[in-house]
Amino acid sequence: MNSKRYERICEMLARRQPDLTVCMEQVHKPHNVSAVIRTADAVGVHEVHAVWPSSRMRTMASAAAGSNSWVQVKTHRTIADAVGHLKGQGMQFLPLTFPTKPSIFVKSTIRVQPAS
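1 is the number of the first residue of the sequence shown in the UniProt record's numbering; add one for each residue after it.
Written out as structure tokens, the structure is:
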């Protein structure tokens with residue numbers, strides 16, 4: 001490895017965001033899983049959590065090519081397992097979808113009115 005490449009790798013590692021992670025649930029298509037992992041890598045997220053009830057789904061994480069060298073994919077069987085693990089690490093949750101029923105992420109349900 002030449003010195004420029006080594007410098008670039010060190011620079012990228014210094015920009016990592018250890019206090020930010022992604023947790024995905026019900027992502028079933030390999031290309032979507034890969035896109036999430038590649039995007040996480042691009043913005044400096046070094047750990048992605050995935051809820052996959054079936055062990056067959058776990059193999060899809062390998063579809064992200066080179067990003068797998070830099071992003072760890074941790075799997076959980078249920079969202080409750082993932083939440084428990086991440087809360088144990090002191091993480092705060094910022095869900096990106098609005099719940100339509102009570103959720104384990106928020107104490108009160110956010111009601112979304114459909115546009116007319």
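Ideal Cβ positions, reconstructed from N, Cα and C, are used throughout, including at glycine.
According to the DSSP secondary-structure assignment, residue 50 is paired through a beta bridge with 24, 75. Comparing C-alpha distances from residue 72 to each of 37, 96, 54 shows the shortest one belongs to 37. Distances from the alpha-carbon of residue 47 to those of 77, 79, 86, 95 put 86 closest. Rounded to the nearest angstrom, the Cβ distance from residue 49 to residue 82 is 5 Å, consistent with a contact under 8 Å.
For the 7 Å CB-CB criterion, residue 45 and residue 22 form a contact.
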